[in-house]
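Below is one structure, written out as structure tokens, with a few remarks after it.
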Amino acid sequence: MSVLPAETHSALGQLLQGLQAADNNVRSQAEERLSTEWAQSKPDVLLMGLVEQIQMADSPTAQSFAAVLFRRMSSRTSKDSSGQSRELFLTLQKPQRDAIRTLLLQGMATPSVVAQPSLRNKVGDAVAEIARQYTDEDVYNDDGSRDTWADLLGALFQASQSPDAGQRETAFRIFATTPGIIEKQHEEVVLSSFTKGFKDDDVAVRLAAMDAFASFFHSINKKSQVKYYPLISDILNILPPLKDMSNSDDLTKALVAMIDLAEAAPKMFKPLFNELVKFSITVIQDKDLDDKARQNALELMATFADYSPQMCRKDPNYTADMVTQCLSLMTDVGADDDDAEDWCTTEDLDLDEADMNHVAGEQTMDRLANK
Numbered sequence: 001m002s003v004l005p006a007e008t009h010s011a012l013g014q015l016l017q018g019l020q021a022a023d024n025n026v027r028s029q030a031e032e033r034l035s036t037e038w039a040q041s042k043p044d045v046l047l048m049g050l051v052e053q054i055q056m057a058d059s060p061t062a063q064s065f066a067a068v069l070f071r072r073m074s075s076r077t078s079k080d081s082s083g084q085s086r087e088l089f090l091t092l093q094k095p096q097r098d099a100i101r102t103l104l105l106q107g108m109a110t111p112s113v114v115a116q117p118s119l120r121n122k123v124g125d126a127v128a129e130i131a132r133q134y135t136d137e138d139v140y141n142d143d144g145s146r147d148t149w150a151d152l153l154g155a156l157f158q159a160s161q162s163p164d165a166g167q168r169e170t171a172f173r174i175f176a177t178t179p180g181i182i183e184k185q186h187e188e189v190v191l192s193s194f195t196k197g198f199k200d201d202d203v204a205v206r207l208a209a210m211d212a213f214a215s216f217f218h219s220i221n222k223k224s225q226v227k228y229y230p231l232i233s234d235i236l237n238i239l240p241p242l243k244d245m246s247n248s249d250d251l252t253k254a255l256v257a258m259i260d261l262a263e264a265a266p267k268m269f270k271p272l273f274n275e276l277v278k279f280s281i282t283v284i285q286d287k288d289l290d291d292k293a294r295q296n297a298l299e300l301m302a303t304f305a306d307y308s309p310q311m312c313r314k315d316p317n318y319t320a321d322m323v324t325q326c327l328s329l330m331t332d333v334g335a336d337d338d339d340a341e342d343w344c345t346t347e348d349l350d351l352d353e354a355d356m357n358h359v360a361g362e363q364t365m366d367r368l369a370n371k
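Okay, so the sequence shown: first residue is 1 according to the UniProt record's numbering, each after it adds one.
Now the structure itself:
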């Protein structure tokens with residue numbers, strides 16, 4: 001049941017159609033109405049209407065547009081009642097904010113939203129935007145205590161345990177964007193949630209859990225990080241199946257999360273470092289994988305040289321294998337160009353080679369030489 005009257009939704013529907021019009025004049029007029037008649041005059045009605053449209057609109061396209069526009073407008077700078085510049089959502093009164101965020105969480109769990117991956121991600125992004133505002137700004141309850149949107153954390157933990165893989169992925173995507181919503185008193189729940197996420201049957205959920213954990217790990221202090229070191233074996237177990245399936249895109253994403261963790265706490269990898277070295281070398285060697293995946297494996301190993309050179313020196317395989325792979329990559333001047341004929345005869349002197357294997361090999365060799 002809608003909070004707003006039917007005529008308000010009718011006017012808002014016409015506005016949304018105008019904003020998506022192909023005619024520039026129609027679209028410009030709609031944008032002007034959005035700014036003056038809605039955002040400035042009745043921001044509460046605008047944001048409430050958009051969040052209701054996420055559930056009520058008659059097509060996934062309309063629902064998606066409402067979610068995108070809600071996210072954009074909620075973060076628009078405006079003046080609150082005291083004249084202070086704040087993001088539009090935070091200029092609303094507490095009852096209005098509470099009602100909107102409750103409907104937003106309901107929208108995230110709406111079957112029509114859950115069933116559409118693109119729409120689900122857009123609604124998740126809208127939730128993450130409001131969560132960011134609560135973590136970045138000081139928002140207070142009527143009794144003077146800080147308002148942290150406690151219901152969000154419970155909803156996300158519940159979603160991370162949902163039987164629907166899309167819901168689980170969305171929960172971790174939001175965690176990745178706003179790790180600050182996880183507070184110290186939730187450590188045990190966090191450990192359990194991430195452990196299940198790393199072992200999820202769905203690849204997308206496992207990758208989202210990795211990304212969320214890397215973001216969360218960066219947000220906590222060194223002392224707190226140590227409590228999560230035992231999770232590293234579950235994280236590393238995500239990698240081999242991706243390589244075995246030659247899933248370059250997903251392997252690339254996973255390696256990016258690993259690089260983030262290696263920068264934050266290389267010591268976390270110490271018990272399994274030799275196994276990780278051996279695995280990474282097999283990725284670098286595998287020409288059936290995309291260059292980006294191979295280069296990310298190389299970057300992961302180079303990151304350890306930057307942040308924990310002593311651990312690299314002590315490993316029996318690291319130095320010899322890395323030098324060998326760097327030299328091999330330095331001779332790899334292009335796909336299907338084994339004799340380097342294309343590379344030698346090219347007249348394009350402005351060719352951007354920054355993402356090519358031979359450049360990655362050369363740059364990594366330089367980094368190793370300086371350690």
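Glycine is no exception: its CB is placed at the ideal position from the N, C-alpha and C atoms.
Here the structure is a predicted model, which means the values were calculated and not measured.
{"Item": "Collapsed DSSP secondary structure at Lys199 in the structure displayed", "Value": "coil"}
{"Item": "Glu52 - containing alpha helix (DSSP H), residue span", "Value": "Pro43 to Met56"}
{"Item": "Same chain only: Cβ atoms within 7 Å of Ala131, ignoring 5 sequence neighbours per side", "Value": "Trp149, Leu152, Ile174, Thr178 and Ile181"}
{"Item": "Residue environment, Lys122, which counts as buried when at least 16 other CB atoms sit within 10 Å", "Value": "buried"}
{"Item": "Cα-Cα separation between Arg206 and Leu191, rounded to whole angstroms", "Value": "14 Å"}
{"Item": "Below-8 Å beta-carbon distance, Lys314 vs any chain C residue", "Value": "Protein chain content of the structure displayed is limited to a single chain, and chain C is not contained in it."}
{"Item": "Any 3 or more C-beta pairs closer than 8 Å across the stretch 71-79 and the stretch 5-24", "Value": "no"}
{"Item": "Burial state of Tyr318 (16 or more Cβ within 10 Å)", "Value": "buried"}
{"Item": "Nearest-angstrom Cα separation, counted from Ile232 out to Phe198", "Value": "10 Å"}
{"Item": "Nearest-angstrom Cα separation, counted from Ile281 out to Met322", "Value": "8 Å"}
{"Item": "DSSP beta-bridge partners of Thr77", "Value": "Glu87"}
{"Item": "Whole-angstrom C-beta distance between Val114 and Arg120, which should lie under 8 Å", "Value": "6 Å"}
{"Item": "Inter-residue spacing [alpha-carbon to alpha-carbon] between Asn296 and Ser118", "Value": "27 Å"}
{"Item": "Assigned exposure category for Lys314 - 16 Cβ within 10 Å defines buried", "Value": "exposed"}
{"Item": "Buried or exposed by the 16-neighbour rule on C-beta atoms within 10 Å, applied to Ser246", "Value": "exposed"}
{"Item": "Unbroken alpha helix (DSSP H) run spanning Asn274, endpoints", "Value": "Phe273 to Gln285"}
{"Item": "Asp260 - containing alpha helix (DSSP H), residue span", "Value": "Ser248 to Ala264"}
{"Item": "Own chain, CB closer than 8 Å to Ala138, minus 5 neighbours either side, in chain order", "Value": "Contrary to the premise, residue 138 reads as Asp rather than Ala in this sequence. Taken in chain order, the residues that qualify are Arg146."}
{"Item": "Whole-angstrom distance between Leu329 and Asp339, CA atom to CA atom", "Value": "Its pLDDT being 49, under 50, Asp339 is placed unreliably by the model, and nothing is read from it."}
{"Item": "8 Å CB neighbourhood of Ser85 in its chain, flanking five on each side removed", "Value": "Thr77, Ser78 and Lys79"}
{"Item": "C-beta atoms of Asp125 and Arg168 nearer than 8 Å", "Value": "no"}
{"Item": "Residue from Val283, Ile238 and Asp306 whose Cα sits closest to the Cα of Pro266", "Value": "Asp306"}
{"Item": "First and last residue of the uninterrupted alpha helix (DSSP H) at Val359", "Value": "Asn357 to Ala369"}
{"Item": "Identity of the residues DSSP links to Arg146 by a beta bridge", "Value": "Tyr140"}
{"Item": "Collapsed DSSP secondary structure at Val190 in the structure displayed", "Value": "helix"}
{"Item": "Straight-line gap, Pro163 to Gln363 (C-alpha atoms, nearest Å)", "Value": "45 Å"}
{"Item": "Nearest-angstrom Cβ-Cβ length linking Leu276 and Ser248, presumed shorter than 8 Å", "Value": "At roughly 19 Å, the Cβ-Cβ gap does not stay under 8 Å, so Leu276 and Ser248 are not in contact."}
{"Item": "Unbroken alpha helix (DSSP H) run spanning Ile182, endpoints", "Value": "Looking at the DSSP string, Ile182 is not in any alpha helix (DSSP H), and its letter there is neither H nor E."}
{"Item": "Sub-8 Å separation of Gln53 and Ala62 beta-carbons", "Value": "yes"}
{"Item": "Anticipated Cβ contact below 8 Å, Asp44 with Leu92, distance rounded", "Value": "5 Å"}
{"Item": "Beta-carbon proximity check, Ile259 vs Thr303, cutoff 8 Å", "Value": "yes"}
{"Item": "Sequence-distant residues of the same chain with beta carbon closer than 8 Å to Leu88, five excluded per side", "Value": "Ala39, Pro43, Leu47, Met73, Ser74, Ser75, Arg76, Thr77 and Ser78"}
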